[in-house]
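> Dropping a structure here in structure tokens format, bear with me for questions.
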Amino acid sequence: MAITPPGRGVPARYAAFSGIWAGRLDGMYEGKLAVLTISSGGQVTVSYAWGDVADYKPGVADGAGRIVGNTLKLGRLPNGADATFTMQPDGTLAATYALAGQTYRGQFARQ
Numbered sequence: 001m002a003i004t005p006p007g008r009g010v011p012a013r014y015a016a017f018s019g020i021w022a023g024r025l026d027g028m029y030e031g032k033l034a035v036l037t038i039s040s041g042g043q044v045t046v047s048y049a050w051g052d053v054a055d056y057k058p059g060v061a062d063g064a065g066r067i068v069g070n071t072l073k074l075g076r077l078p079n080g081a082d083a084t085f086t087m088q089p090d091g092t093l094a095a096t097y098a099l100a101g102q103t104y105r106g107q108f109a110r111q
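Using the UniProt record's numbering, read the sequence shown as starting at 1 and increasing by one per residue.
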């Protein structure tokens, strides 16, 4: 997969999301987020991979999302999950992953 570096017109607060991120939700469910492209308006293309989450099998989905303020919200994933990633002052992402009435949280770090 190819990460396209943000162009000159992309605000620094959006550009900070570029790259590959990995972490664990609720300390046990692995996830990886690749922010592939970012536009000057905050639209992104991504690839998200998840491991086993409760009764759901691992998978990978390409999709899109949007950065508003300091939060990247993905479009609904094929498994029905909604995911958001909020940039923290220490440069990590606070992840929230909601699936089938359950909400999982964790920290993702740049890889």
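Ideal Cβ positions, reconstructed from N, Cα and C, are used throughout, including at glycine.
(1) Under three-state DSSP, which class holds Ala12?
(2) Any idea what DSSP makes of Phe85, helix, strand or coil?
(3) Pull up the distance between the alpha-carbon of Arg110 and that of Ala34, whole angstroms please.
(4) May I ask you to list the residues that DSSP assigns as paired with Gly19?
(5) Less than 8 Å separating the beta-carbons of Thr4 and Leu36?
(6) Three or more beta-carbon pairs under 8 Å between the stretch 92 to 110 and the stretch 13 to 33, yes or no?
(7) Can you tell me whether Val60 is buried or exposed? The criterion is at least 16 other CB atoms within 10 Å of its CB, across all chains shown.
(8) Among the residues of its own chain, which have a CB less than 6 Å from the CB of Thr71, if the five just before and after it don't count?
(9) Here's the rule I'm using: 16 or more other beta-carbon atoms within 10 Å means buried, otherwise exposed. How should Pro11 be labelled?
(10) Hey, out of Tyr48, Ala16 and Trp21, whose CA is closest to Ala81's CA?
Reading from the atomic positions:
(1) helix
(2) strand
(3) 10 Å
(4) Val35
(5) yes
(6) yes
(7) exposed
(8) Thr84 and Thr86
(9) exposed
(10) Tyr48
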